[in-house]
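Residue numbers (this note's numbering), protein chains in the order written: chain H, 3 to 323; chain X, 335 to 664; chain Z, 83 to 604; chain P, 338 to 627. Before any comments, here is the structure.
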Amino acid sequence: MLGYLTKRLIQMTVVLWVVSLIVFMMMSFTGDPVFMVVPIDATDAEIAQARRILGLDQSLFVQYVKFLTSIFEGDFGRSYVFRQPALDLILQRMPATLEMVLVAMALAVVISIPLGVYAGAHPGSRISKTIMAGSLFGISLPGFWVGMMLIYLLAVQWGWFPSSGRGDTVEVFGMRVSLLTADGWTHIILPAVTLSLGTMAILLRITRAGMMEVGRQDYMKFARAKGVAPRDVLFRHGLKNSLIPVVTIFGLQIGDLIAFATITETIFSWPGMGKLLIDSIYRADRPVIVVYLMLVALIFVVINFLVDLLYTLIDPRITLK
Amino acid sequence: MSVQKQALLEVRDLKTRFYTFAGVVNAVDGVSFSVGRGEILGLVGESGGGKSVIGFSILGLIDPPGKVDDGEILFGGVDLRRKSEKELQKIRGKEIAMVFQDPMTSLNPLQTVGEQIDEMLRLHSDLDGKARRARCIEMLSDVGISEAEKRLNNYPHQFSGGMRQRVVIAIAMIAGPQLIIADEPTTALDVTIQSQILKLMKQQVREREASMILITHDLAVVSQMADEIVVLYCGKIVEKGPKQDLISKPAHPYTQGLLGSIPKLHDRQDRLTQIPGTVPDVRNLPQGCNFRERCPFAQARCAEEEPEQHALDAGRSVACHFPLEQELAP
Amino acid sequence: MSVSLKGRSYRRFLATACTVAALLPGAALAEGKSVTIGLTADPSHLYPLAGEELSSNIMYYHLYDPLVKRNADLSFGPGLAESWEVLDDTTWRFKLREGVTFHNGNALTADDVVFTVEHARKSIRPDLVANIAEVKAVDDLTVEIKTPQPYAVLAMDLAELLILDREYTTATGDEQMDLKPVGTGPYKLTEWIKEEKLVLEAFDGYWAGKAGIQTVTFRPVTNPATRTAALLTGEVDVIQDLAVRDVERVKREGDFEVLTRPSLLNVVLAMDTREKSPTISMAKNPMTDVRVREAIARAIDVDAINKIVMNGLATPSTQYVPSSHIGYVEGMNFREMYPHDVEKGLELMKEAGYADGFTMTLDATNNRYVNDAQIAQALASMLAKVKIDLQLNIMPKSNFWGYIRVPTEKSSFIMSGWDVPSGDAGSMYGALFYTRDKKEGYGQVNRGSYSNPQVDALVDKADSTSKIEERDGYLQEATKILMKDIPMVPVHYEQDIYAVRKGITLEPRVDKFLWAYEMDVE
Amino acid sequence: MQGFLKSEFFFNYRRSASAIIGSALMLVFAIYVAFGPWLVAQNPHDIASLELLDSFKPPAWLEGGDPRYLLGTDGQGRDILASVVYGARISVMIGVTAMLCSCLIGTVLGLLAGFYRGVIDSFIMRIADIQLSFPSILIALFLMSAVGTGIDKVLIALTAVGWVVYARTVRGSTLSEIEKEYVQAARVAGLPDRKIILKHVLPNVLTPLIVIATIQVGTFVLIEASLSFLGVGVPITQPSLGLLVKNGFDVLFSGLWWTSAFPGLAIMMLVFGINLFGDFLRDELNPRLK
């Protein structure tokens, strides 16, 4: 366990370092962020002063070294645009994103797992075929288009849901949560549904594939030979065994959800960190982009760790090494 | 020497077919045999001969695209084919248990062996938890696993292959079935373990006065275990009869070929080298005798007419136009 | 109170500058009135010296006040300074209003003004005080400002310098000022949840009387379609920048009102006048010939762009600056001088020796101006008719400003916008048309490398007089020369389009700064 | 051919409705790619040919529709049908080209990693690991924001995210392939590495790539659409289906639904077809599942 943790920790450090390095290198191709800050008719002297204030007057290498050294003091750099610590900007917006991702994930799990088990257990049936065709549509739909249509129909035409924003929030442990208010729920439904469609389809398909794979295993037939009812064979022996690929994909999907949240948040004006990323990209605000990507990498490492832990809970053959 | 007792299981004209893209496969094509109480029947044949399908047909576990198309499976005088799935569930495990070929895959890797043995008792007995547990420990000791109580909480991957097959046997035996269908129970095991497991199975069956169908490609195994032997080729019975007679005086050239391939000592190499050629494509069987192309004694008639099963002496029958007469040297 | 919507507002400015004209909110004060406004973006800052963009500017003017106040119609009047006088060519004396307090209770003093000027000079916005050489407090309520040279429009410039409290700002620090702003403005900050909402509360002690609307909530809704939806579903009462295509729909709904106002943002096309141009593969740049520039101007059907791309919600530009500005020549119209005429354009091309046309690239944005990418496409289709094959290089604004930056090594033809809220053509001419690298602070965005000594001289003269009438005269001369030389094609002024729920009184400001102090709710 | 028609693959194909529908949809889009310019009257990418006055015409069957523009026009007077055909060409060409580039690069790197092991292997696989810890869309989005917009840039970004899956698959198969006797024998016989890789290893590692490649085209079409929707994809003068949807989004609330509905539908059909067929291929070519 200790060895495993050390290994993971080293991996994480390397990943974070590489991410920061790549982002720094790549971002030197983008537009000069100073032009996003100074007035359009700024003189050279004014531009130079702005550069100095933003720390952009030094070479990229020096900027990078400075960035790395200040990380050890807990300083992840300041946004060029907001002049605020980049980490704070992201952390302020993170609860909103995580909340949406959470609801989307929950929706996906609640809907896709039972349907996937059914489709995997009855591969030939008409209902299964309908479910599978539906899931294919799910992965073929462009998410932004679905979001647009949902806003147009459900918010504008019929007025069932608000079209944008987060609604009322309640502060819990310093984080703003909208899941505790009715208004918050009406706001989160559309974006969460939009976001969850793809994941729903993928989880469903993986669950089905897992079930079918497991269905071919000897122990399933052996269980039937023991006299276990088909339904119990499915759920007692099958489901748990088919969960391992599902858990893996589940972990990957959280990453995808966080990524696709950028688009969903842009459409629904959801005040999360994904929208901040898109805005920062438009504004060439490198410090925010670096920290965002490092933070997301960190989240992924944590998710991978949790997935590994989950494996050990599901499968006694797996130990953390 | 077997004594013809009242039949526990009687299979009549069983036909199981698989409907695949390239045509219909007659995996089991009109097979009839019976198993008496307390009797061990050996079902022998090369791989692909439809032996396992018979086992699953009996238990009603043929999955699409396969289907039992015809025949009767009389268990204790009742046709299992007429039973509903619900009724069959009560028979599976309790009346007829099965031991699979590969103990590595027939146990659920995510459940402790205790849970998996216990499942049988939960399904087929009224015992309470404590009694069931005691019974499980007892059973596990019976099949030769030491520290049974402790090992109940272990997972299959913590056992060796032979130990796992012992667990499978424990599962098969614990509900006290009248018939055990063992499908190649030792094929996946090391040679040294094989005889231990066979011994254990025989002992368990005899102790409980149960019957057993032993499905194998290995006539050597059958000769150690069985009372009666049925030899299958391409989904059909080519010869059957009491073990002693059949082994000492095989009437069908295929049986003779199989006997010739019994390994000397532990030499498993060159199996079946005595029979030239391979099993024909079951989707595309030749006219006449299926074995004709590999048969050293084949004649013109064999190519035209399929041989019927006909009785020889005491309980024996053979499907060959020209059954062998000579006694085989032991 | 200044009410002029059009015309020469600076004259009115001169007339009213020294009179006290406190603006009183029209409606009676009523507790608890509130309004929610959907903005195009969350403000980046609440600290005026941290940066400049529209959403932040809107917040600044709620939270702070300048010495000189710019009214909705671009006329100017007293702000924190109740009066001022010009002592000599370069010295101005401002008398501060008495009894003005900051949100924290501190009284406004001349020292705060001195602090603000000094602090701005070190900040990212030194341009705010570029025309101030020296500032000193004469007494508690009197400030004296010296300009480096005679500078007639100092007062107008000061409308953008928002006064900070020395004590509070020093104690809080620049970074925290963004989060905890304190000014003298009509509203103070209650809550700012980034990207969600920003709530302002009326400041009881506002010097010009407490605001009529007690609570103002700003919500950033970036996507134009979503913003429209937010209005239609009642989530917000007012939206900024209604998409031109949504105007019809919002009007049809009945419960809403669409308000438009020509903005000061002139969309212009800068043409390279260097001998060799980066994207033109000819030895000599055709656009050095004024006939080619005229042909381009004539090929562009501004009315068609207005009608179809802008849905009729743009105002074709008549000159480089709006009619309200110093330097505007009454009666001169680019559209009449060079009306849309493809035949004439082809003829001019032929005369100039380019009967077969040429190929060049237009650099334009896709997220800066209203329908900018669509305008660029329309331009390509129009210029094709005078045999100019226009390639489009369209990019987001994050890349654009660096890409087209003077010395424009990669550009021949650039579409951008120019916005002069100071009400004066001088700064634009000095930055856009003054010969490059000739004088510090001039020609810094002269993207076409246009150079005309006459224009340079006129700008110099305008910038060295302290008399507004003289400045106006010089700049008008410059305008006349520029209109003949065509260094740029002015296309149109965008219209600022707002939509409000019925019952909300809103007069759009020329400078786009939504100001709740001037609004009312039924 | 006779052999193919009799093969199990073709037998299953004929019996699978989804395979037939999927390949039919793919065929439609293949026709668009090959013959698009001859199918529609207008070239929507030739800006000079557009008539601004024909903008925002509704579909022909609606009031105000123009029979010349079956699915209506957009704000530049572009025929939507023509835009969809041309947009589908761009989307498909981007998807297919990026897939081929990814496949080529990924296969080469996978072969090198699997064949030579050691430092090359760890280097390539560590990069792959790091990359796999990020969702593709995020990497592509970041790359596009760094390198700027354009079809070539989209191809670079997609290839950069797409090669990993091939490299890993090929490496795995290569590792098991070089253990086999005939490869060992070839090595002992002194055959040059290049020959062993090309003649013995490569042909045996390609089959699983077919499924990956098919599905990846669909994934790429969606990623490209998302990038273009966010404004960091293809240039506006050569709109892909995704960019058409984005352009339509800006006017959707004015009731001009056709400008975004049809391109969106086209994306869906295209990706749906690819996925249907890919599913069938996966079932056919993956012996484990049979």
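All residues carry an ideal CB built from backbone N, CA and C; glycine is no exception.
Nearest candidate by alpha-carbon position, reference residue i, set the options
i	options	result
E429 (chain X)	X:A465, X:P437, X:S418 and X:L513	X:L513
L422 (chain X)	X:L395, X:D404 and X:R466	X:L395
Q231 (chain Z)	Z:A237, Z:L246 and Z:N213	Z:N213
R628 (chain X)	X:L646, X:L592, X:R650 and X:A431	X:L592
A550 (chain P)	P:T496, P:L567 and P:H537	P:T496
M464 (chain Z)	Z:Y410, Z:Q536 and Z:R380	Z:R380
K177 (chain Z)	Z:M419, Z:A202, Z:D454 and Z:P148	Z:P148
I260 (chain H)	H:P164, H:R95 and H:P289	H:R95
M296 (chain H)	H:V249, H:I73, H:D59 and H:V64	H:I73
L588 (chain Z)	Z:R343, Z:L444 and Z:G427	Z:R343
Within-8 Å CB hit, residue i to chain H
i	result
E277 (chain Z)	yes
N305 (chain Z)	yes
T297 (chain Z)	no
L314 (chain Z)	yes
V582 (chain P)	yes
W483 (chain Z)	yes
F479 (chain P)	yes
P230 (chain Z)	no
Cα-Cα separation, residue i to residue j
i	j	result
G108 (chain Z)	I283 (chain H)	The predicted model places G108 (chain Z) with a pLDDT of 41, which falls under 50 and marks its position as unreliable; any figure quoted below should be read in that light. Those two C-alpha atoms are separated by around 43 Å.
Q603 (chain X)	A554 (chain X)	Bear in mind that the predicted position of Q603 (chain X) carries a pLDDT of just 44, short of 50, making it unreliable; the figure below should be weighed with that in mind. Rounded to the nearest angstrom, the two C-alpha atoms are 14 Å apart.
N367 (chain Z)	R373 (chain Z)	12 Å
P572 (chain Z)	T574 (chain P)	23 Å
H644 (chain X)	M134 (chain H)	54 Å
Q621 (chain X)	C636 (chain X)	9 Å
Start and end residues, alpha helix (DSSP H) containing residue i
i	result
N612 (chain P)	W595 to L622
T224 (chain Z)	Looking at the DSSP string, T224 (chain Z) is not in any alpha helix (DSSP H); the run it does join, the beta strand (DSSP E), is T224 to K228.
R375 (chain Z)	V372 to A381
A581 (chain Z)	Segment M570 to R583 is the beta strand (DSSP E) holding A581 (chain Z); no alpha helix (DSSP H) there.
K533 (chain X)	V525 to R542
M673 (chain Z)	Lying before the first or after the last residue shown, residue 673 (chain Z) is absent from chain Z, which here runs from 83 to 604.
Neighbouring residues, chain P, relative to residue i (Cβ below 9 Å)
i	result
G257 (chain H)	S470, F471, P472 and L475
is_contact[residue i, chain P] using C-beta, thresh 8 Å
i	result
I265 (chain H)	yes
M618 (chain Z)	It is not possible to answer for residue 618 (chain Z), since the shown part of chain Z is limited to 83 through 604.
S198 (chain H)	no
V571 (chain Z)	no
I378 (chain Z)	no
M28 (chain H)	yes
Residue i, enclosing beta strand (DSSP E) - first and last residue
i	result
K279 (chain Z)	K279 to A284
I471 (chain X)	Run containing I471 (chain X): none in the beta strand (DSSP E); it sits in the alpha helix (DSSP H), G463 to D476.
W597 (chain Z)	Unbroken run through W597 (chain Z): none, as it is neither H nor E.
Under 8 Å from the C-beta of residue i: neighbouring residues of chain P
i	result
S463 (chain Z)	I384, A385, S386, L387, L389 and Q413
Proximal residues of chain C, C-beta to C-beta of residue i below 8 Å
i	result
W272 (chain H)	Checking the listed chains, one finds no chain C in this structure; the protein chains it contains are H, X, Z and P.
Minimum Cβ-Cβ distance from residue i to chain Z less than 8 Å
i	result
P232 (chain H)	no
L626 (chain P)	Annotation note: pLDDT 42 at L626 (chain P) (below 50); position unreliable, coordinate value reported separately. So, not an interface residue.
Closer than 8 Å at the beta carbon, the chain H residues around residue i
i	result
N612 (chain P)	L138, I141 and S142
Proximal chain Z residues relative to residue i, where beta-carbon distance stays under 7 Å
i	result
Q94 (chain H)	K276
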